[in-house]
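**Q**
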Amino acid sequence: MAGARPEPGDELWDALASDPRRGVADLLAQIARQAARARAERERLAALRLDEAALWAAGARHVAGVDEAGRGPLAGPVVAAAVVLPENADLPGLDDSKKLTPAKREELFARIALEATAVGVGSASEKVIDETNILSATLSAMRDAVAALAVRPDHVIVDGTSLPEMDVPRTAIPRGDERSAAIAAASVVAKVTRDRLMADLDATYPGYGFAQHKGYGTSEHVAALARLGPCEIHRRSFGLVMEASGGWSVSFIGYRSRLLSADSRAALDRIGAEIARVKDSIPPHELSRLRGIYTRAQRRVSAGVSPKR
C-alpha cells in the first residue's frame, strides 16, 4: 500500500532490509528504535492500569484515583484531586507529575479533562493546616475532591499509606502515582491546579516569588521570608516560617514548660483550665501544639512517669 510504514517481518521491510544502501539501513534502524520505544510505552501504560483492571474485573465500574500536591511547601494550600478514568482512556506520556515537565503536565491536564469520566478537586488552606496538621488537612482535601466528582466512585485508590475517612471502599497504594493511571492523572490535576493558584497568589503577595517556587522552601523563598517576614498565606506552624516570624510566643513557651513539668493530673487540669480561658488569644497553630503536649502529658502522668527535669 502506498505510504505504508514498513514494520519488521512484513514484505516491505524484508525488501528494504536487502537494500545495500547505507541510507536505507539507517532509516530501518531509526524505524526499529521508534517501534521499540512505542512498544515500551504501550507496555508501561498497560502496567499503569493493573490496579484499576483488577477492580473493574471485581465489579467496580468507577474507580477514582486520588493524589495531592503541596504537602511540603511553606505557603499556600494543599490541593487534592480525584480522577475517574474509563477503560479506553488514551493518555500517552501519563506519569507521576513529579517526573513531568510543566509543559507536559499542562498538556496532560487538558487531555485528562477530555478523557476522564469525572474529575474532582479539593483543597485545605494554610489556616486549616495550622489549626490541625498537614496530614489531617491533606486527608480533608482528598475527601472534598472525591465528594466533588460528578459520579459516585465504586472504589477509591489513594497514593500513599494514609486513607481519608469516607463511606466508599478504598485502598492505599504506596507510590501509587507511579503504579496507577488514575492516581497519576490525579497527581497531574492536583499539581497543575495548585501551581496555577500559586502563580495567581504571586500577584497578591509580591516579593516572595510564589510564581517560581510555588511556596516550596527554596533558598530564594527562605531569603524572601527573612527579608519580608511571613505573609497571610504562609503556614505559621512550619519551622522555617516560625523562625521568620520570631518563633513561638512567650505565652506558648510558658505553657509548654508548665505542661512538660506537671507531675499530677490535678496540676495538668489547672494548666488546661487556664489555657481554655485564654484560648481565643492563642494563635491556632500554638493552641493545636499545646493540645498535643497536654495529651502526651496526660499519658505520662497516667503511666506514673516523672517529668524530665
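For what it's worth, our numbering labels the leading residue of the sequence shown as -10, then goes sequentially. C-beta: ideal position from N, C-alpha, C; glycine also.
1. Give me the DSSP bridge partner(s) of D148.
2. Can you tell me whether H223 is helix, strand or coil according to DSSP?
3. Do you know offhand how far D59's Cα is from V108's?
4. State the start and end residues of the unbroken beta strand (DSSP E) segment that holds A71.
5. For D189 and P142, what's the separation of their Cα atoms in angstroms?
6. Quick one: complete alpha helix (DSSP H) runs, 4+ long, within the region 82 to 107?
7. Does the region 69 to 78 touch the region 202 to 213, meaning 3 or more C-beta pairs lie closer than 8 Å?
8. Does DSSP put A(-9) in a helix, in a strand, or in coil?
9. Classify A139 as helix, strand or coil using the three-state DSSP reduction.
10. What residue range is occupied by the uninterrupted beta strand (DSSP E) comprising A53?
11. Assuming G204 contacts P62 (C-beta within less than 8 Å), just tell me the rounded distance between them.
12. Along the chain, where does the alpha helix (DSSP H) that runs through V117 open and close?
13. How far does the alpha helix (DSSP H) with R183 in it extend, from its first residue to its last?
14. What residue from D148, P273, P9, A136 has the CA that sits closest to D156's CA?
15. Under 8 Å, with one C-beta from each stretch per pair, do the region 88 to 102 and the region 239 to 256 reach the 3-pair mark?
16. Which residue's Cα is closest to the Cα of T106: Q201, R183, D269, A53?
17. Going by DSSP, what residues sit across from A64 in a beta bridge?
18. With a 10 Å radius around its C-beta and 16 neighbouring C-beta atoms as the bar for buried, classify P296 as buried or exposed.
19. Rounded to whole angstroms, how far is the Cβ of E95 from the Cβ of V181, which I believe are closer than 8 Å?
20. Measuring only the C-alpha atoms, how far is R224 from E167?
21. Is V110 helix, strand or coil when you go by DSSP?
22. So the candidates are A251, V177, V239; which of them puts its Cα closest to the Cα of L80?
23. To the nearest angstrom, how far is it from the Cα of A14 to the Cα of R28?
24. For P163, which option in V294, I282, T150 has the closest C-alpha, if you only look at C-alpha atoms?
25. Closest by CA to L103, which one among P153, G48, A174?
26. Using CA atoms only, rank isn't needed, just tell me which of A262, R289, F227 is closest to E115.
27. Among V145, D148, P153, which residue has its Cα nearest to the Cα of S125?
28. At the level of alpha carbons, what is the spacing between S112 and D56?
29. Along the chain, where does the alpha helix (DSSP H) containing R289 start, and where does it finish?
30. Thinking C-alpha only, which one of A170, L128, H51 is nearest G82?
31. Here's a check: name, in chain order, each residue in its chain whose Cβ is nearer than 7 Å to the Cβ of G261, leaving out the five neighbours to either side.
32. Express the C-alpha separation of G281 and A255 in angstroms, rounding to a whole number.
33. Assuming V140 and R159 are in contact, meaning their beta carbons sit under 8 Å apart, how far apart are those beta carbons, in whole angstroms?
**A** This is what the structure holds:
1. Position 159 of the sequence shown, counted from the first residue, corresponds to residue 148. Partner(s): I162.
2. As a working mapping, residue 223 is identified with position 234 in the sequence shown. In this structure, H223 counts as strand in the three-state DSSP scheme.
3. Against the sequence shown, residue 59 aligns to sequence position 70. Against the sequence shown, residue 108 aligns to sequence position 119. In the sequence as displayed, the identity of residue 59 is Gly instead of Asp. Whole-angstrom Cα-Cα distance: 18 Å.
4. Numbered from its first residue, the sequence shown carries residue 71 at position 82. Counting along the chain, the beta strand (DSSP E) containing A71 begins and ends at 67 to 73.
5. Taking the sequence shown and counting its residues from 1, one reaches residue 189 at position 200. Taking the sequence shown and counting its residues from 1, one reaches residue 142 at position 153. Between D189 and P142, the C-alpha separation is close to 32 Å.
6. 91 to 104
7. no
8. If you number the sequence shown from 1, residue -9 lands on position 2. In this prediction, A(-9) scores a pLDDT of 45, lower than 50, which makes its location untrustworthy; no coordinate-derived value is stated.
9. One-based indexing of the sequence shown puts residue 139 at position 150. Reduced to three states, the DSSP call for A139 is coil.
10. The residue you call residue 53 lines up with position 64 of the sequence shown. Element bounds for A53: 52 to 58.
11. Numbered from 1 along the sequence shown, position 215 holds the residue referred to as residue 204. Numbered from 1 along the sequence shown, position 73 holds the residue referred to as residue 62. About 3 Å; that satisfies the 8 Å criterion.
12. For the purposes of this step, residue 117 is taken as the residue at position 128 of the sequence shown. V117 -> alpha helix (DSSP H) spans 115 to 120.
13. Reading the sequence shown from its first residue, position 194 is the one you call residue 183. First-last of the alpha helix (DSSP H) with R183: 170 to 193.
14. Mapped onto the sequence shown, residue 156 falls at position 167. Closest option to D156, Cα to Cα, is A136.
15. no
16. By one-based count along the sequence shown, residue 106 stands at place 117. Comparing Cα positions, the closest option is A53.
17. For this step, residue 64 is matched to residue 75 along the sequence shown. According to DSSP, which records beta bridges pairwise, A64 is partnered with H223.
18. Your numbering for residue 296 matches position 307 in the sequence shown. By the neighbour-count rule (16 or more Cβ atoms within 10 Å), P296 is not buried but exposed.
19. Position 106 of the sequence shown holds residue 95. Position 192 of the sequence shown holds residue 181. That belief holds up - the Cβ atoms of E95 and V181 are roughly 6 Å apart, short of 8 Å.
20. Residue 224 sits at position 235 when you count from the first residue of the sequence shown. Residue 167 sits at position 178 when you count from the first residue of the sequence shown. Approximately 29 Å between the Cα atoms of the pair.
21. Residue 110 sits at position 121 when you count from the first residue of the sequence shown. If DSSP states are grouped into helix, strand and coil, V110 belongs with the strands.
22. Here residue 80 is taken as the residue at index 91 of the sequence shown, counted from 1. Residue V177 is the option with its Cα nearest to L80.
23. Position 25 of the sequence shown, counted from the first residue, corresponds to residue 14. Position 39 of the sequence shown, counted from the first residue, corresponds to residue 28. Their backbone Cα atoms lie some 21 Å apart in a straight line.
24. On the sequence shown, position 174 is the one that residue 163 refers to. Taking only the C-alpha atoms, the option nearest P163 is T150.
25. Residue 103 sits at position 114 when you count from the first residue of the sequence shown. The shortest C-alpha separation from L103 is found at A174.
26. Reading the sequence shown from its first residue, position 126 is the one you call residue 115. Out of A262, R289, F227, F227 has the C-alpha closest to the C-alpha of E115.
27. The residue given as residue 125 occupies position 136 in the sequence shown. Here the closest residue by C-alpha is P153.
28. As a working note, residue 112 is residue 123 in the sequence shown. As a working note, residue 56 is residue 67 in the sequence shown. Looking at the two C-alpha atoms, the distance is approximately 11 Å.
29. By 1-based counting over the sequence shown, the position of residue 289 is 300. 273 to 291 is the extent of the alpha helix (DSSP H) around R289.
30. Start at 1 with the first residue of the sequence shown, and residue 82 comes out as number 93. Of the listed residues, the one whose Cα sits closest to G82 is A170.
31. As a first step, residue 261 is located in the sequence shown; it is residue number 272 there, counting from the start. Once the five neighbours on either side are set aside, the close Cβ partners of G261 are Y283.
32. One-based indexing of the sequence shown puts residue 255 at position 266. One-based indexing of the sequence shown puts residue 281 at position 292. Distance between the alpha carbons of A255 and G281 is about 18 Å.
33. The residue given as residue 140 occupies position 151 in the sequence shown. The residue given as residue 159 occupies position 170 in the sequence shown. Rounded, the Cβ-Cβ distance is 16 Å, inconsistent with contact.
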